[in-house]
Structure formats: structure tokens, C-alpha cells
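Participant: According to the working numbering, the residues represented by the sequence shown are 925 to 976, in order.
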Amino acid sequence: ILNTSGQIVLETALNQPHNKIKLGQGIPEGIYFVQVYDANNVLIDSKKIIKQ
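#1: Tell me the residue span of the beta strand (DSSP E) that contains K975.
#2: Specify, as a first and last residue, the run of the beta strand (DSSP E) that I955 falls within.
#3: Whose CA, out of V933, V958, N939, A963, lies closest to the CA of Q949?
#4: Quick one: is the Cβ of V958 within less than 6 angstroms of any heavy atom of the ligand SAM?
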């Protein structure tokens with residue numbers, strides 16, 4: 925998960941077909957970008973999220 929400056933604020937490996945990622949209190953409200961990569965580091969999907 926990247927902030928609007930392109931800095932990584934959260935990085936984790938996902939091992940299940942469906943996963944939930946909780947943005948804890950250490951991550952302030954704002955706009956973020958979620959990027960999902962496969963095992964070969966190929967970008968699969970990218971989404972914008974807003975934490976309120």
C-alpha cells in the first residue's frame with residue numbers, strides 16, 4: 925500500500941485467494957493505492973482507497 929507520495933506504508937505477502945488488510949491507527953486518514961503482484965513480481969491489479 926502506497927501513499928500519494930509513492931512511499932510504501934504497508935507491505936505484506938498474501939497467501940489466500942481472498943484476504944483482508946486492516947489499516948491500523950498507525951496509518952492516518954487519506955488516499956492510498958493498493959498494488960497486488962504475483963509470485964513473479966508482475967503487477968496484477970492496482971486500486972485507489974480512501975481511509976476515513
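The C-beta atom is built at its ideal place from N, Cα and C for all residues, glycine as well. The structure presented is a predicted model; accordingly, all values stated were derived computationally and were not measured.
Facilitator: Reading off the structure:
#1: Numbered from its first residue, the sequence shown carries residue 975 at position 51. 967 to 975 is the span of the beta strand (DSSP E), which, as asked, contains K975.
#2: In the sequence shown, the residue the question calls residue 955 occupies position 31. Start and end: 954 to 961.
#3: Reading the sequence shown from its first residue, position 25 is the one you call residue 949. It is V933 whose Cα lies nearest to the Cα of Q949.
#4: Ligands are entirely absent from the displayed structure, and the ligand SAM is therefore not among its contents.
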